[in-house]
Structures are given as structure tokens and as C-alpha cells.
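Data first, discussion second: the structure below is written as C-alpha cells.
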Amino acid sequence: MTMPYRIVIGKHLSYQETEQLKKEINAVFHVIDTVYNNWNRESELSKINRTPAGVAIPLSKKLCNFLEMVDNFYRISGGRFDPTLGPLKTLWLLHLKQHSIPNEQVWKSYYEHSGWKYIDLDIDNQILTKKHSDLQLDLCGAVKGFAVDCLLETCQSFCFNSYVEWGGEIKISGCHPSGRPWRIASSATSEIIELKNTAAATSGNYHQQWFVDGKIYTHILDPHTGKPLELHNYPIVSATVIHPSCAFADAMATVLMTFSTKTEALAWAKENHITVFINDNAS
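Quick look at the structure:
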């Protein structure tokens with residue numbers, strides 16, 4: 001998660017306020033790293049990933065609340081958002097970067113041992129139990145947006161007019177220091193998007209593509225097939241979601257990429273009352 005972030009506060013802060021804000025920002029990132037980061041071997045999430053099947057794992061309140069949110073994302077998306085596909089994605093990317101395809105029996109074995117349905121989450125007692133020992137959780141599909149939610153909440157205690165961006169995920173409150181609305185550009189639309197007390201997250205496939213055996217593959221997996229999106233069958237190149245929760249926007253932006261047509265994606269978004277911008281390079 002070593003990527004730059006940008007924070008704009010809509011007023012001048014004293015030296016003491018600035019130093020306090022820095023401390024609180026670092027505290028947010030510390031929690032993200034020690035609770036939700038599967039790349040940190042000592043994080044709470046990594047310890048869950050190392051725990052065998054059938055063991056009741058006590059969860060911190062923070063992680064339990066987040067996983068409850070993830071469960072909601074899974075249900076809303078009809079399984080298109082699934083944070084258990086990390087090992088399968090790693091396998092595919094390892095091969096795609098070498099311009100090859102993994103052995104079908106191997107990747108299907110990974111796929112068969114993945115799936116949110118193999119997670120037993122007891123919210124009331126804050127306990128998680130895995131049904132497969134090989135099951136691994138990777139929360140990167142929503143945790144960046146969640147971090148932005150937390151960072152903005154921190155900034156608001158110093159000034160309501162605040163802007164936070166981390167890795168392309170954005171959340172704002174109030175207005176720009178000049179008095180105008182906050183404005184952002186997105187690869188999903190030629191329009192300039194004005195935001196007020198909301199978040200925006202964008203997912204795209206234009207940065208990571210590989211040509212293998214006459215097909216162009218991207219880094220995004222379709223949870224319904226266990227395979228990376230092939231550009232010919234998944235023409236959406238970029239999707240932006242506007243929502244009060246940046247975690248929600250983050251997750252749903254990736255979900256939109258897994259639809260086979262822009263029309264289908266827009267219909268799903270409308271059905272779920274989600275504001276979206278989608279680019280399929282068709283116009």
C-alpha cells in the first residue's frame with residue numbers, strides 16, 4: 001500500500017494543528033496496515049489467512065465491522081465482489097506477466113478453494129471460521145476506499161472543507177477553499193465531475209494488460225469464471241462510482257468492470273441506485 005496520498009484542508013492550520021493532524025493521519029495508516037493489510041505478515045488479516053479451517057477466529061471490532069460491510073458488498077454485487085480470490089489472482093498475474101496461461105487444472109484448483117461462501121462470519125460474537133484452510137482474504141478491493149473514509153473523518157475535525165485522495169480514490173466534504181465545489185476528472189467520462197460531501201472511486205484496465213495467445217487480458221478477475229477479464233469479452237475500460245462511502249465506491253467500481261456490456265452495467269447500477277460513469281470506448 002505504498003502509494004502517495006493527497007490531503008487539502010480548507011483553512012490555514014497552526015503549527016500545532018498541523019503536527020497533530022500528521023499524527024492522526026499516521027495513526028489511520030497504522031490501523032490500516034496492522035489490521036487489514038495482507039502484505040503485512042503480522043497484521044490481523046494475515047494471521048487469519050494462516051489459520052486452518054474449522055478454527056473459530058476471534059475478530060477485533062474494527063475488522064468485524066469491515067467484514068460485515070464486505071459481506072454486504074458481496075451480496076449487493078451478486079458475488080462479483082469476492083475478497084477471497086487473492087491467491088488465484090496472484091497465480092494468473094504471475095503467468096500473464098510472463099505471457100503465459102497457468103495450467104487449467106492448477107488454476108481451477110485455486111478457484112475451487114476460493115469463494116466468500118466458504119467464510120462463516122458470526123457478527124454477533126465477532127468470530128470468523130474458514131471452511132477451507134487454503135482460503136485467503138485480500139481486502140485491497142475496498143480497504144483503500146475505507147482508508148480514505150477514515151482519513152476524511154480525521155480531517156473534518158480540523159476543517160469541514162477537506163479533500164482526501166489516495167491511489168485515485170477520493171472523498172471530499174464542504175467546498176474548495178476558493179468557495180467553489182470540489183471538481184475531479186475521471187477516465188470514465190469526459191465531463192468534469194463536481195462533488196459535494198461524497199466520494200468517488202475509479203477502476204480501469206488500461207494500465208495492466210497482457211497479450212497472450214492472441215488475446216488481451218487485464219488484471220481484474222471475474223469471480224464468476226475464475227479467469228482474468230479478456231478485453232474482447234469485457235469492453236468496459238473504466239468505471240467511476242459516486243457514493244457517500246468511498247469503501248462502497250471502491251468495491252463497486254471494480255464490480256462494474258466485470259459486466260460484459262456497458263448497457264448491462266448501467267442497468268445493474270440503476271437497479272441498485274448507484275451513480276456511475278462508464279467508458280467502453282464506444283463513443
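In terms of my numbering, the sequence shown is numbered consecutively and its last residue is 283. For each residue, glycine too, the CB sits at the ideal point set by N, CA and C.
Query raised in the report: So, are the CB atoms of Gly214 and Trp107 less than 8 Å apart?
Result: As a working note, residue 214 is residue 214 in the sequence shown. As a working note, residue 107 is residue 107 in the sequence shown. No, the pair does not count as a contact, with Cβ atoms beyond the cut-off.
**Report entry** Distance between Tyr15 and Pro87 (C-alpha atoms, nearest Å)
**Finding:** Residue 87 sits at position 87 when you count from the first residue of the sequence shown. Residue 15 sits at position 15 when you count from the first residue of the sequence shown. Their backbone Cα atoms lie some 45 Å apart in a straight line.
Query - Residues near Leu195 in its chain [Cβ-Cβ closer than 6 Å; skip 5 each side] - result: What you label residue 195 is simply residue 195 of the sequence shown in a count that begins at 1. Contacts found: Ile172, Trp182.
**Report entry** One or two residues paired with Lys215 in a DSSP bridge
**Finding:** Working through the sequence shown from its first residue, we reach residue 215 at position 215. Beta-bridge pairing links Lys215 to Val212.
Query raised in the report: Which of helix, strand or coil does DSSP assign to Phe259?
Result: Within the sequence shown, the letter at position 259 stands for residue 259. It is coil, neither helix nor strand.
Query raised in the report: Are Leu135 and Tyr118 close, meaning C-beta to C-beta below 8 Å?
Result: Numbered from its first residue, the sequence shown carries residue 135 at position 135. Numbered from its first residue, the sequence shown carries residue 118 at position 118. Taking 8 Å as the Cβ cut-off, Leu135 and Tyr118 qualify as a contacting pair.
Query - Start and end residues, alpha helix (DSSP H) containing Tyr206 - result: In the sequence shown, the residue the question calls residue 206 occupies position 206. Unbroken run through Tyr206: none, as it is neither H nor E.
Report task. Between the Cα of Asn205 and those of Cys150, Val255, Ile127, spot the shortest distance and give me the residue it belongs to. Result -> The sequence position of residue 205 within the sequence shown is 205, counting from 1. It is Val255 whose Cα lies nearest to the Cα of Asn205.
Query - For Ala56, the three-state DSSP class (helix, strand or coil) - result: Position 56 of the sequence shown, counting from 1, holds the residue named residue 56. Of the three classes helix, strand and coil, the one that applies to Ala56 here is coil, per DSSP.
Requested in this report: Report, in whole angstroms, the separation of the C-beta atoms of Met257 and Ile274, which I expect to be a contact under 8 Å.
Outcome: The residue given as residue 257 occupies position 257 in the sequence shown. The residue given as residue 274 occupies position 274 in the sequence shown. The Cβ separation is near 14 Å, so there is no contact.
Requested in this report: Under 6 Å Cβ to Cβ from Leu59, same chain only, skipping five residues before and after it: list those, please.
Outcome: By 1-based counting over the sequence shown, the position of residue 59 is 59. Excluding positions up to five away in sequence, the list reads Gln126, Leu128.
Query raised in the report: Under a three-way DSSP split, which group does Ser46 fall into?
Result: Here residue 46 corresponds to residue number 46 of the sequence shown, with the count starting at 1. The three-state reading of DSSP puts Ser46 in helix, counting H, G and I together.
Report task. Label Asp222 either buried or exposed according to how many other C-beta atoms from any shown protein chain fall within 10 Å of its C-beta, with 16 as the threshold for buried. Result -> Mapped onto the sequence shown, residue 222 falls at position 222. The residue in question, Asp222, is buried, as its Cβ has 16 or more Cβ neighbours within 10 Å.
Query raised in the report: Secondary structure at Val164, three-state DSSP: helix, strand or coil?
Result: If you number the sequence shown from 1, residue 164 lands on position 164. Three-state DSSP puts Val164 in a strand.
Report task. Tell me Trp182's beta-bridge partners as DSSP assigns them. Result -> In the sequence shown, counting from the first residue as 1, residue 182 sits at position 182. DSSP, once it has assigned bridges, lists Leu195 as partnering Trp182.
Query raised in the report: Touching or not, the region 63-74 and the region 232-239, by the rule of three or more beta carbon pairs under 8 Å?
Result: Touching, no, given that fewer than three Cβ pairs across the two stretches are closer than 8 Å.
Query raised in the report: Between the Cα of Glu169 and the Cα atoms of Cys175, Phe146, Ser162, Glu191, which residue gives the shortest distance?
Result: On the sequence shown, residue 169 is found 169 positions in, with the first residue counted as 1. Closest option to Glu169, Cα to Cα, is Phe146.
Query raised in the report: Under three-state DSSP, which class holds Phe248?
Result: For the purposes of this step, residue 248 is taken as the residue at position 248 of the sequence shown. Correct three-state label for Phe248: helix.
Requested in this report: With Val148 as the anchor, note down where its alpha helix (DSSP H) starts and where it stops.
Outcome: By 1-based counting over the sequence shown, the position of residue 148 is 148. Residues 140-156.
Query raised in the report: By how many angstroms is the C-alpha of Lys130 removed from the C-alpha of Pro52?
Result: As a position in the sequence shown, residue 52 is number 52, starting the count at 1. As a position in the sequence shown, residue 130 is number 130, starting the count at 1. For Pro52 and Lys130, the distance between alpha carbons rounds to 7 Å.
**Report entry** Cβ neighbours of Ser203 in the same chain (closer than 6 Å, five flanking residues each side left out)
**Finding:** Here residue 203 refers to the residue found at position 203 of the sequence shown. Close CB contacts of Ser203 within its chain, under the 6 Å cut and outside five residues either way in sequence, are with Ala239, Ala253, Thr254, Met257 (chain order).
**Report entry** Beta-carbon proximity list for Met69, same chain, < 7 Å, skipping 5 on both sides
**Finding:** Within the sequence shown, numbered from 1, the residue matching residue 69 stands at position 69. Contacts found: Ala247.
Query raised in the report: Expressed to the nearest angstrom, what Euclidean distance is found between the alpha-carbon atoms of Ala185 and Ile193?
Result: Taking the first residue of the sequence shown as position 1, residue 185 is located at position 185. Taking the first residue of the sequence shown as position 1, residue 193 is located at position 193. If you take the alpha carbons of Ala185 and Ile193, they lie about 6 Å apart.
Query raised in the report: Taking Cβ to Cβ, would you say Thr154 is nearer than 8 Å to Glu19?
Result: As a first step, residue 154 must be located in the sequence shown, where it is residue number 154. As a first step, residue 19 must be located in the sequence shown, where it is residue number 19. A distance of 8 Å or more separates the beta carbons of Thr154 and Glu19.
Report task. Reducing DSSP to helix, strand and coil, say where Asp302 ends up. Result -> Examination of residue 302 is not possible in this model, given that the chain is present from 1 through 283 alone.
Query raised in the report: In whole angstroms, what is the alpha-carbon distance linking Asp82 and Pro228?
Result: Looking up residue 82 in the sequence shown gives position 82. Looking up residue 228 in the sequence shown gives position 228. Each residue's Cα considered, the two are about 14 Å apart.
Report task. Could you pull the start and end residues of the beta strand (DSSP E) that Tyr5 belongs to? Result -> Position 5 of the sequence shown, counted from the start, is the residue given in the question as residue 5. Taken as a continuous stretch (DSSP letters only), the beta strand (DSSP E) holding Tyr5 covers 5-9.
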